[in-house]
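Participant: Below you will find the structure I want to go over with you.
Protein chains: 2
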Amino acid sequence: MTAQPDTETTPARGKRPKQGEPVIDRALSLLAVFSDRRRALTLSEMARYAGMPAPTALRLIARLVAWGALERLDDGRYVVGVRLWEVASLSPRGHGVREIALPYLEDLFEVTRHHVLLAVRDNEQAVLIERLSSKDATEVAYRVGGRAPLRSTAVGLVLLAGADQQFQETILRKPPENEPGVPDMPEGQVRRTLSDVRRTGIAMIRRSLPSRTVSVASPIFDAQGSVVAALSIVVPDGSTPPNVLAPAVRAAARAVSRNLGHHAEASPDARTHSQG
Amino acid sequence: MTAQPDTETTPARGKRPKQGEPVIDRALSLLAVFSDRRRALTLSEMARYAGMPAPTALRLIARLVAWGALERLDDGRYVVGVRLWEVASLSPRGHGVREIALPYLEDLFEVTRHHVLLAVRDNEQAVLIERLSSKDATEVAYRVGGRAPLRSTAVGLVLLAGADQQFQETILRKPPENEPGVPDMPEGQVRRTLSDVRRTGIAMIRRSLPSRTVSVASPIFDAQGSVVAALSIVVPDGSTPPNVLAPAVRAAARAVSRNLGHHAEASPDARTHSQG
DNA sequence: AATACTATTCCAACCAATGAAAGTAGCGTG
DNA sequence: CACGCTACTTTCATTGGTTGGAATAGTATT
Chain H
1389 MTAQPDTETT PARGKRPKQG EPVIDRALSL LAVFSDRRRA LTLSEMARYA
1439 GMPAPTALRL IARLVAWGAL ERLDDGRYVV GVRLWEVASL SPRGHGVREI
1489 ALPYLEDLFE VTRHHVLLAV RDNEQAVLIE RLSSKDATEV AYRVGGRAPL
1539 RSTAVGLVLL AGADQQFQET ILRKPPENEP GVPDMPEGQV RRTLSDVRRT
1589 GIAMIRRSLP SRTVSVASPI FDAQGSVVAA LSIVVPDGST PPNVLAPAVR
1639 AAARAVSRNL GHHAEASPDA RTHSQG
Chain Y
1389 MTAQPDTETT PARGKRPKQG EPVIDRALSL LAVFSDRRRA LTLSEMARYA
1439 GMPAPTALRL IARLVAWGAL ERLDDGRYVV GVRLWEVASL SPRGHGVREI
1489 ALPYLEDLFE VTRHHVLLAV RDNEQAVLIE RLSSKDATEV AYRVGGRAPL
1539 RSTAVGLVLL AGADQQFQET ILRKPPENEP GVPDMPEGQV RRTLSDVRRT
1589 GIAMIRRSLP SRTVSVASPI FDAQGSVVAA LSIVVPDGST PPNVLAPAVR
1639 AAARAVSRNL GHHAEASPDA RTHSQG
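Protein chains in written order, with this note's numbering: chain H, 1389 to 1664; chain Y, 1389 to 1664.
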């Protein structure tokens, strides 16, 4: 500071240093500051995390609150609002599949009484759409609304195996994420695994953290034959032989697929075309 | 351009007839055009329902799509995106209560095997947060994410009974909505019912449409002793005596309340230590 | 009482937002 | 194959909603 040079282009009073982001993007970035750990935030926290001045944040937040996207608590902090949740419940890939799959998930849940998961792919990760868990089930890593890697989870492998070839290559070429508790596979093994998943309709993963568990997942297809979701169960390692679980999971996944209009035409050729 | 000045009120070229709504409001109104019946919409439909010109809608939608609030289908139509669902899953009154309540809902579900509902109040309606239903359960009126009236549903009555006095008066003074299938109560009877609900912790409603059912609901309290949600079961009328159901519902609701920190009374400390 | 932080209000400058107009694409019809 | 119709997209001159520093008010901490 101190200097008073300014010269010709006199900023006078109102200087507008960094400006130029569309309003909507800013508003959305205010929604994005919330996370599993940050479910209730103050104005200044939101402004800081979203990277904008407090007055700007306040103004935008006011609109979001007015609409119901955010709600204000008694202590002044903000949380995600029910209205947003309401609109989001119309997401076909969110609550859409869930609504159709839920009864089957419940049936499956009653067999194992541990965890039943439903996930879809969003970009380079799996998003957990639903999770049924008994009160006394083993600890599990992911929560509903949370994200899981594609390469090191059973649902992730199923979703990856069902993605288009080009996307698979993109993922495979990336360095593995080295999740703790999961033995990371070299690229070649991942490719073999994906191929197996496509052939058998089953993916299986053992992990040791946060507890020793086995996950068995199977794909859910839509009417066009695309993999739109993955269904899986998670049980303590050793509780039930995986080869007993697999048929149950596959059957449940197929039932859901059928409900989505997937006429299981004996799948004349799983791998679309040119192979090799 | 030297426009030919027609007359005095020359619209010239660039006329800006109706302008003045904040961008965020417009963007949000684009989200609000989706409903149970309208889950996939074209650009022009969205523009029409939201009441704005197509180019404007397109520009805003593009941002929403970029962020993931909306997704575009192969046929060009737009749907609510998973990303929005993901953020919405952080809503304390949405998935928040749900996460805590779900195990208890499942226990309750196994007893009756029909419907278990979880709802919160938003404004003058109840919003359905969760619904567990068996595949062969009787038809039920409301879906998850949908809204139900306060005066003529079991969960609604519980939420209304737990609302502050002033709000209750506001609702009571409004003319009843006369839902088909539910005998509408005169104001006096509603008041008596609400009082009963507060005393017994149970609300019960019989309805004949879409099928003959009995609903039994009970309030869920938070640490401050406020009613934050309502839990209910819906069974076919005549299948199980309501006085058998009531204790089970109440017990489940209490278990959830306890889990929310409802320790009978007054929590002295609600301070969060700032970390960071 | 001083300090530090957060929340809110104010307002002049100005840039992102606006929407009519025109262009492009798809489709059914004469 | 021309024609009309509808839906979608791009362009661009105009401007009003948006912006953020500064000031003020409120609240917790030292």
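Glycine included, C-beta positions come from ideal geometry on N, C-alpha and C.
These numbers come from a predicted model, not from an experiment.
1. Hey, how far is the Cα of P1405 (chain Y) from the Cα of G1439 (chain Y)?
2. Quick one: which unbroken beta strand (DSSP E) runs of 3-plus residues sit fully inside the stretch 1400-1479 of chain Y? Chain order, please.
3. By the criterion of Cβ-Cβ separation under 7 Å, what are the contact partners of S1477 (chain Y) in chain H?
4. Under 8 Å between C-beta atoms, does L1431 (chain H) make it to chain Y?
5. Starting from the beta carbon of P1491 (chain Y), find every residue of chain H whose beta carbon is closer than 8 Å, and list them in chain order.
6. By the 10 Å Cβ neighbour count, where 16 or more other Cβ atoms means buried, how is S1645 (chain Y) classified, buried or exposed?
7. Between which two residues does the alpha helix (DSSP H) carrying A1641 (chain Y) extend?
8. Check R1579 (chain Y) in the structure and name its three-state DSSP category.
9. Could you name the residues of the stretch 1500-1515 of chain Y whose beta carbon sits closer than 7 Å to any beta carbon of chain H, in the order they occur along the chain?
10. Would you call the stretch 1491-1511 of chain H and the stretch 1570-1587 of chain H in contact, with 3 or more CB pairs under 8 Å?
11. Cα separation between H1650 (chain H) and R1427 (chain Y)?
12. Roughly how many angstroms lie between the CA atoms of T1496 (chain H) and L1520 (chain H), to the nearest whole one?
13. Taking 8 Å as the cut-off, does the stretch 1430-1439 of chain Y touch the stretch 1466-1474 of chain H (at least 3 CB pairs, one atom from each stretch)?
14. Using a cut-off of 8 Å between C-beta atoms, extract the partners of E1487 (chain Y) located in chain H.
15. Suppose contacts are defined by Cβ-Cβ distances below 8 Å. Is A1605 (chain Y) in contact with L1648 (chain Y) by that definition?
16. Classify D1524 (chain H) as helix, strand or coil using the three-state DSSP reduction.
17. Just to confirm, are L1429 (chain Y) and F1422 (chain Y) a CB contact at a threshold of 8 Å?
18. Using a Cβ cut-off of 8 Å (strictly closer), state whether P1480 (chain Y) contacts chain H.
19. So, is A1442 (chain Y) buried or exposed, given that buried needs 16 or more other C-beta atoms within 10 angstroms?
20. What do you get for S1603 (chain Y), buried or exposed, if any count of 16 or more other CB atoms within 10 angstroms of its CB means buried?
21. Please tell me whether L1452 (chain Y) has its Cβ less than 8 Å away from any Cβ of chain H.
22. Can you tell me whether DSSP reads L1516 (chain Y) as helix, strand or coil?
23. Can you tell me where the beta strand (DSSP E) holding V1570 (chain H) begins and where it ends?
24. Does any residue of chain Y have a CB that is nearer than 8 Å to the CB of D1413 (chain H)?
25. Which bits of chain H does L1448 (chain Y) rub up against, with CB to CB less than 7 Å?
26. Go ahead and label L1461 (chain H) buried or exposed: buried means 16 or more other beta carbons lie within 10 angstroms of its beta carbon, across all protein chains shown.
27. According to the Cβ coordinates, are S1599 (chain H) and P1624 (chain H) closer than 8 Å?
28. Using 8 Å as the limit for Cβ to Cβ distance, is V1467 (chain H) near chain Y?
29. Any beta carbon from chain H within less than 8 Å of F1422 (chain Y)'s own beta carbon?
30. Taking only beta-carbon atoms, is V1644 (chain Y) less than 8 Å away from chain H?
31. What did DSSP end up calling R1539 (chain H) once you bin it into helix, strand or coil?
32. Here's the rule I'm using: 16 or more other beta-carbon atoms within 10 Å means buried, otherwise exposed. How should D1510 (chain Y) be labelled?
33. Could you tell me whether the Cβ atoms of S1540 (chain H) and E1557 (chain H) are closer together than 8 Å?
34. Let me see if you follow: with CB-CB separation under 8 Å, is L1419 (chain Y) close to chain H or not?
35. Since A1643 (chain H) and A1591 (chain H) should fall inside the 8 Å C-beta cutoff, what is the C-beta to C-beta distance between them, to a whole number of angstroms?
36. Specify the secondary structure class of T1398 (chain Y) as computed by DSSP and reduced to three states.
Facilitator: Well, looking at it:
1. At P1405 (chain Y) the pLDDT is 42, less than 50, meaning the model places this residue with poor confidence; the figure from the coordinates comes in the next sentence. If I take the Cα positions, the gap works out to 13 Å.
2. Complete beta strand (DSSP E) runs here, min 3: 1458-1460 and 1466-1468.
3. Result: V1532 and G1533.
4. With 8 Å as the cut-off, L1431 (chain H) does not count as an interface residue toward chain Y.
5. Chain H residues near P1491 (chain Y): S1521, S1522 and K1523.
6. Buried is the call here.
7. Run containing A1641 (chain Y): P1630 to N1647, per the alpha helix (DSSP H) assignment.
8. For R1579 (chain Y), the secondary structure class from DSSP, reduced to helix, strand or coil, is helix.
9. Residues of the stretch 1500-1515 of chain Y with a C-beta atom less than 7 Å from some C-beta of chain H are V1508, D1510 and V1515, listed in chain order.
10. Taking 8 Å as the limit for Cβ pairs, the verdict is that the stretch 1570-1587 of chain H does not touch the stretch 1491-1511 of chain H.
11. In a straight line, the C-alpha of H1650 (chain H) is about 20 Å away from that of R1427 (chain Y).
12. Note on identity: in this sequence residue 1496 (chain H) is Leu, with Thr being the wrong assignment. Taking the straight line joining both Cα atoms gives about 10 Å.
13. Output reads no: the stretch 1430-1439 of chain Y does not touch the stretch 1466-1474 of chain H.
14. Residues of chain H whose Cβ lies closer than 8 Å to the Cβ of E1487 (chain Y) are, in chain order, R1531 and V1532.
15. Going by C-beta atoms, A1605 (chain Y) is not nearer than 8 Å to L1648 (chain Y).
16. DSSP places D1524 (chain H) in coil when its eight states are reduced to three.
17. Closer than 8 Å, so yes.
18. Under the Cβ criterion of 8 Å, P1480 (chain Y) is counted among the residues facing chain H.
19. A1442 (chain Y) comes out exposed.
20. Buried.
21. So yes, L1452 (chain Y) belongs to the interface.
22. Annotated three-state conformation of L1516 (chain Y) is strand, per DSSP.
23. Careful: V1570 (chain H) lies outside any beta strand (DSSP E) and carries neither H nor E.
24. Interface criterion met: the Cβ of D1413 (chain H) is under 8 Å from a Cβ in chain Y.
25. Within chain H, the residues I1412 have their CB atoms less than 7 Å from the CB of L1448 (chain Y), given in chain order.
26. Counting Cβ neighbours within 10 Å, L1461 (chain H) comes out exposed, since fewer than 16 surround it.
27. For the pair S1599 (chain H) and P1624 (chain H), the CB atoms are nearer than the 8 Å cut-off.
28. Yes, contact with chain Y.
29. Output row for F1422 (chain Y): interface = yes.
30. Put simply, the CB of V1644 (chain Y) is far from chain H, with every gap to its CB atoms at 8 Å or more.
31. Assigned with DSSP and collapsed to three states, R1539 (chain H) falls in coil, not helix or strand.
32. By the neighbour-count definition (other C-beta atoms within 10 Å, threshold 16), D1510 (chain Y) is a buried residue.
33. No; because the gap between Cβ atoms is not below 8 Å, this pair is not in contact.
34. Closer than 8 Å: yes.
35. Contact doesn't hold; Cβ gap of about 18 Å is too wide.
36. Its pLDDT being 32, under 50, T1398 (chain Y) is placed unreliably by the model, and nothing is read from it.
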